[in-house]
Amino acid sequence: MKASRIHAFGGPDALTCEEVPTPVIGDHEVLVRNRAAGINPIDWKTCSGGGAAAFIGKLPFIPGWEFAGIIEMVGTKVESFAPGDEVFGFIRFPEAAGCYAEYVAAPVAQIARKPSSLSFSEAAGLGLAGLTAWQALHDKGQLQAGETVLVLAAAGGVGHLAVQLARAAGAEVIGSASATNHDYLRSLGCSRLIDYHTQDLATEVQGADLVIDGIGGEVGISALSCLKEGGRLVTLPSVTADAVIRAAEGEGKQALGIRVEPNGQQLAELARLCSDGQLKLTLAGEVPLENAREAHQQSAGGHVRGKLVLTI
Ligand SMILES: NC(=O)c1ccc[n+]([C@@H]2O[C@H](COP(=O)([O-])OP(=O)(O)OC[C@H]3O[C@@H](n4cnc5c(N)ncnc54)[C@H](OP(=O)(O)O)[C@@H]3O)[C@@H](O)[C@H]2O)c1
1 MKASRIHAFG
11 GPDALTCEEV
21 PTPVIGDHEV
31 LVRNRAAGIN
41 PIDWKTCSGG
51 GAAAFIGKLP
61 FIPGWEFAGI
71 IEMVGTKVES
81 FAPGDEVFGF
91 IRFPEAAGCY
101 AEYVAAPVAQ
111 IARKPSSLSF
121 SEAAGLGLAG
131 LTAWQALHDK
141 GQLQAGETVL
151 VLAAAGGVGH
161 LAVQLARAAG
171 AEVIGSASAT
181 NHDYLRSLGC
191 SRLIDYHTQD
201 LATEVQGADL
211 VIDGIGGEVG
221 ISALSCLKEG
231 GRLVTLPSVT
241 ADAVIRAAEG
251 EGKQALGIRV
261 EPNGQQLAEL
271 ARLCSDGQLK
281 LTLAGEVPLE
291 NAREAHQQSA
301 GGHVRGKLVL
311 TI
């Protein structure tokens, strides 16, 4: 089968599209004829030797942790899915999952049925960012209806889903993004927008119950001032999480790190919200598998609106 992979850590040019063996499935896994794979910052961070590089084992490495496609074969213990089922998933993270490929071997506990209202590309972009948003808001952030949530990087992959999931949970949502994204984010449910280029978060926002920090570092630290007493901040970028948590401790505030976890039941809940029209995935672009380098370059530029996906 065809896959895009790296033989040495490096920038986007390290990716090369080549023939590799088709994966073999275990008893509790399915073999999926892949139609699309989502792109996330963790992909290019890992390819450059950071991110999840410590967990992926030996090179060569096929990036990608999320996909959508059609089941071609099921393992001997699989009862809940059958060949022909259309599914999507976020799998094996942080170990290698190999989703930039024509076939993916996926554990059944980490996949869900693709809603018919979503294209394969839309479903492929939903898993990692959607579960991050869900787990940050609910599992870590303990969001309650009526609370105010500030989402930093609101127009990004995680952010645009977090805005909608927070609205669906009955929260009021403030987003931070470039001014060109403000109308878009209002249409997703933000009641207030901050332009981080011209406005200071700490001055503009006070009394937030929860901050979803998609930027980290100094930006995450300054967002601690936006919290009301007893508020919570969930910081997404792992590399700066310790610094944000330490700063919060110094200020007597609560900040938490996160590592998104595969979860088939939560994926099914995201699928239900998509079917109900409460959650929409914005496609920033669909890039052929052979051009994965371009997709990594675009993602690393830091201004993707919604999700980029590879089509296969
Ligand atoms: N710990 C975990 O389990 C986990 C899981 C998922 C993601 N993450 C991390 O979380 C971060 C966000 O992920 P993502 O997939 O959402 O990234 P993304 O899609 O690449 O984010 C792009 C967005 O960032 C916005 N942005 C850039 N600088 C900003 C700033 N200073 N303030 C506000 N917005 C800014 C851009 O908005 P404008 O174009 O409007 O400027 C753009 O829409 C990444 O570092 C990722 O690695 C961690």
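Be aware that the sequence shown starts at 1, since it is given in UniProt numbering, and climbs by one per residue.
By construction, the Cβ of each residue, glycine as well, lies at the ideal position given by its N, Cα and C atoms.
Source: prediction; values computed, not measured.
ask   = serine 187 by DSSP, collapsed to three states: which one?
value = helix
Identified DSSP bridge partners for valine 74 = Val30
ask   = With 16 as the cutoff for other CB atoms within 10 Å, does alanine 129 come out buried or exposed?
value = Alanine 129 is buried by the Cβ-count criterion.
request  = Report the rounded CA-to-CA distance for histidine 7 versus proline 288, giving the unit in angstroms.
outcome  = Straight-line Cα distance between these residues: approximately 20 Å.
query = How about leucine 236: is its Cβ closer than 7 Å to a heavy atom in ligand 1?
reply = yes
beta-carbon isoleucine 215 near ligand 3 non-hydrogen atom, thresh 7 Å = Among the ligands present in this structure, namely ligand 1, ligand 3 is not found.
key: Straight-line Cα distance separating cysteine 226 from glycine 125   = 30 Å
request  = Using 10 angstroms around the beta-carbon of residue 348, count the other beta-carbons present and answer buried if the total reaches 16, otherwise exposed.
outcome  = One cannot answer for residue 348 here, as it falls past the ends of the chain, which runs 1 to 312.
task = May I have a chain-ordered list of the beta strand (DSSP E) segments no shorter than 3 residues that lie completely inside the region 191-244?
result = 192-194, 208-213 and 227-235
key: Reduced DSSP category for leucine 281 - H, G, I as helix; E, B as strand; rest coil   = coil
task = Please determine, among Arg113, Glu86, Gly75 and Pro115, the residue with the shortest C-alpha to C-alpha distance to alanine 105.
result = Gly75
query = Quick one, which of Phe55, Gly156, Gln142 and Gly11 has its alpha-carbon nearest glycine 170's?
reply = For glycine 170, the closest of Phe55, Gly156, Gln142 and Gly11 by C-alpha to C-alpha distance is Gln142.
task = Would you mind giving the Cβ-Cβ distance between isoleucine 194 and valine 211, rounded to the nearest angstrom? I have them listed as a contact below 8 Å.
result = About 12 Å separates the two Cβ atoms, so there is no contact after all.
Contact under 8 Å by Cβ, phenylalanine 93 with alanine 36 = no
message = Measuring alpha carbon to alpha carbon, tell me which residue in Ala223, Val20, Gln199 and Gly10 is nearest glycine 50.
response = Gly10
request  = Reducing DSSP to helix, strand and coil, say where glycine 159 ends up.
outcome  = The three-state secondary structure of glycine 159, taken from DSSP, is helix.
Residues bridged to glutamine 254 [DSSP beta-bridge criterion] = Arg232
task = Would you check whether ligand 1 has a heavy atom nearer than 7 Å to the C-beta of serine 178?
result = yes
ask   = Taking only beta-carbon atoms, is glutamine 254 less than 8 Å away from chain B?
value = No chain B is present in this structure, which holds just one protein chain.
query = Can you list, in chain order, the stretches of the alpha helix (DSSP H) that have 4 or more residues and sit fully within the region 41-66?
reply = 41-47
Proximity winner among Val173, Ile245, Lys228 and Gly230, relative to leucine 236 (alpha-carbon distances) = Ile245
key: Residue nearest to valine 234 in terms of C-alpha spacing, selected from Ala247, Arg293 and Leu137   = Leu137
ask   = Who are the near neighbours of phenylalanine 55 in its chain, counting only those whose CB is closer than 6 Å to its CB and skipping five residues on each side?
value = Correct list, in chain order: Pro94 and Glu95.
Rounded separation between leucine 152 and leucine 279 - CA only = 19 Å
query = From glycine 189 to valine 163, what distance separates their C-alpha atoms?
reply = 7 Å
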